[in-house]
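In this note's numbering, the protein residues as written are 4 to 526.
Built from N, CA and C at the ideal position, the CB exists for glycine as well.
Below you can see the structure in the form of structure tokens.
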């Protein structure tokens, strides 16, 4: 332990903190140190008393303290076996919510016929997800900091379940407002879901697993979109009889309602706030930096003063917004060139997302091995632009197999980029909240998603699909150029490398081995 000094008030950013820790080599620094409240709460720490530094860790005038058992627990670096169950359950209910986002747009023309509304009205069933997220991000991010992962997971899965069952009340052509209500409830649930992947990865996974874990968490969302492209065209055929159409729609709504209910029960059983011991050195240090009176809004201010993060927010929004627009309008674009091919339009969407899921997993594994966040992000962004250009000029050739090939190539990079953005943001902003950094990325994505969806839809209606896709290519070019200016300030990696690595142990339920304690000698 080190004595607390008033000069620690100056340690309100990671570089200064590093210098301070290195300034006096003769002093042994323990991770459990009382730091001034100007250092923000790390996302892995819920802002309630249980997550604050134990009172006994406060420095005493007389010198070193005797650490309590609570302090010793914070010094243990272990991986919990529950971590994979947590991320898989999260991935599943994220999948369910993503399915409900795209289930209308993937059979846009069928729902237009059933409810007797315009294509733009059906597009808004997708865009309401984007619109709802923007005003609710900050309140939900505050709730995440205040009440922690488990509360947010329960709320998100419960709302997702509720929205699914509300839609069952909209099985008549005149009940379009009811299906809008159900979709809005699901869109609110999404706000409790989208910012979670990087937070779950940091709180539950070790330093060499965080990128892979984040990819798995994002994987569920992408899988839900893929199923949303594939299943609705199969379950709901394009038929004229309204009663038969209502029957087929009801089957889809009942299935998703049952799945959402099962997943809500699994969240109650499986999801825990955090593991008993921190899984990485960076996470252990974040516990030490926790302060119950750290300013939530000052954290936001610091994020916006971080130029590298601001550039990433813009570039991520351009890429993800283009993906949202492409997904929402895909059915319309394919049907324009290939009439009657609703099922194949869904399969093309499936191809885009499945390829992207593969890209996300590969990029996550690559990041855990190489730590080349800037280089990987830039290469993937440039390849996304190339894929979009090729897709644009092959969509109208009249050969569906070519569209499948080019769409899959585009999806591999465009969708594969999404978890890269989350993890790069955490690196650039450590030790700020992953929930906040991820949330700001998603707000940018929603804003650009609404702008791109409306604009591209209008361009397609007026001039055709090629000008609409060229519109997206222009903004992806801008995003690739801005990505080149982001400096790779990998703060979380620096925190993990400050001291020598120690062996990380799996938690065993019944073991006689004493836990590995990182004592002051390690520091």
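Through-space distance from residue j to residue i, alpha-carbon basis
| i | j | result |
| --- | --- | --- |
| residue 192 | residue 121 | 26 Å |
| residue 591 | residue 179 | Not covered by the structure: residue 591. The range shown for the chain is 4 to 526. |
| residue 1 | residue 306 | Absent from the structure is residue 1, since the part of the chain shown begins at 4 and ends at 526. |
| residue 158 | residue 195 | 7 Å |
| residue 368 | residue 98 | 21 Å |
| residue 47 | residue 205 | Residue confidence is low: residue 47 scores 39 on pLDDT, short of 50, so the model does not pin down where it sits. No coordinate-derived value is stated. |
| residue 152 | residue 275 | 8 Å |
| residue 354 | residue 414 | 7 Å |
| residue 478 | residue 81 | 44 Å |
| residue 384 | residue 422 | 12 Å |
| residue 208 | residue 282 | 6 Å |
| residue 304 | residue 84 | 37 Å |
| residue 468 | residue 381 | 27 Å |
| residue 336 | residue 379 | 31 Å |
| residue 315 | residue 448 | 11 Å |
| residue 185 | residue 270 | 21 Å |
| residue 365 | residue 175 | 44 Å |
| residue 340 | residue 471 | 14 Å |
| residue 147 | residue 182 | 29 Å |
| residue 538 | residue 443 | Residue 538 lies beyond the residue range present for the chain, which begins at 4 and ends at 526; the question has no answer from this structure. |
| residue 435 | residue 312 | 12 Å |
| residue 308 | residue 117 | 49 Å |
| residue 333 | residue 173 | 25 Å |
| residue 389 | residue 480 | 9 Å |
| residue 273 | residue 397 | 46 Å |
| residue 249 | residue 119 | 13 Å |
One or two residues paired with residue i in a DSSP bridge
| i | result |
| --- | --- |
| residue 213 | BP columns for residue 213 are empty, so no partner. |
Residue environment, residue i, which counts as buried when at least 16 other CB atoms sit within 10 Å
| i | result |
| --- | --- |
| residue 67 | Because residue 67 sits at a pLDDT of 38, beneath the cut-off of 50, its placement in the model cannot be relied upon, and the following sentence gives the value as read from the coordinates. Counting Cβ neighbours within 10 Å, residue 67 comes out exposed, since fewer than 16 surround it. |
| residue 466 | exposed |
| residue 278 | buried |
| residue 254 | exposed |
| residue 404 | exposed |
| residue 280 | buried |
| residue 252 | buried |
| residue 111 | buried |
| residue 300 | exposed |
| residue 247 | exposed |
| residue 210 | buried |
| residue 484 | exposed |
| residue 170 | buried |
| residue 149 | exposed |
| residue 261 | exposed |
| residue 225 | buried |
| residue 474 | buried |
| residue 416 | buried |
| residue 235 | buried |
From the options, residue whose alpha carbon lies closest to that of residue i
| i | options | result |
| --- | --- | --- |
| residue 453 | 158, 321 and 230 | 321 |
| residue 103 | 389, 256, 236 and 92 | 256 |
| residue 310 | 489, 83 and 127 | 489 |
| residue 187 | 166, 428 and 273 | 166 |
| residue 399 | 420, 249, 185 and 338 | 338 |
| residue 113 | 183, 245, 387 and 161 | 245 |
| residue 375 | 484, 426, 235 and 392 | 426 |
| residue 137 | 401, 333, 494 and 451 | 451 |
| residue 486 | 181, 126, 149 and 386 | 386 |
| residue 92 | 496, 268 and 215 | 268 |
| residue 459 | 233, 370 and 325 | 325 |
| residue 164 | 190, 389 and 142 | 190 |
CB of residue i within 8 Å of CB of residue j, strictly
| i | j | result |
| --- | --- | --- |
| residue 94 | residue 223 | yes |
| residue 318 | residue 456 | no |
| residue 349 | residue 129 | no |
| residue 229 | residue 357 | yes |
| residue 266 | residue 96 | yes |
| residue 327 | residue 133 | yes |
| residue 351 | residue 429 | no |
| residue 410 | residue 227 | no |
| residue 346 | residue 259 | no |
| residue 90 | residue 219 | yes |
| residue 363 | residue 418 | yes |
| residue 202 | residue 441 | yes |
| residue 124 | residue 198 | no |
| residue 464 | residue 214 | no |
| residue 439 | residue 302 | yes |
| residue 536 | residue 495 | In this structure the chain extends from 4 to 526, so residue 536 is not present and cannot be described. |
| residue 140 | residue 446 | yes |
| residue 377 | residue 491 | yes |
Residue i: CB within 7 Å of a non-hydrogen atom of the ligand HEM
| i | result |
| --- | --- |
| residue 336 | In terms of ligand content, the structure shown is empty, and the ligand HEM therefore cannot be addressed. |
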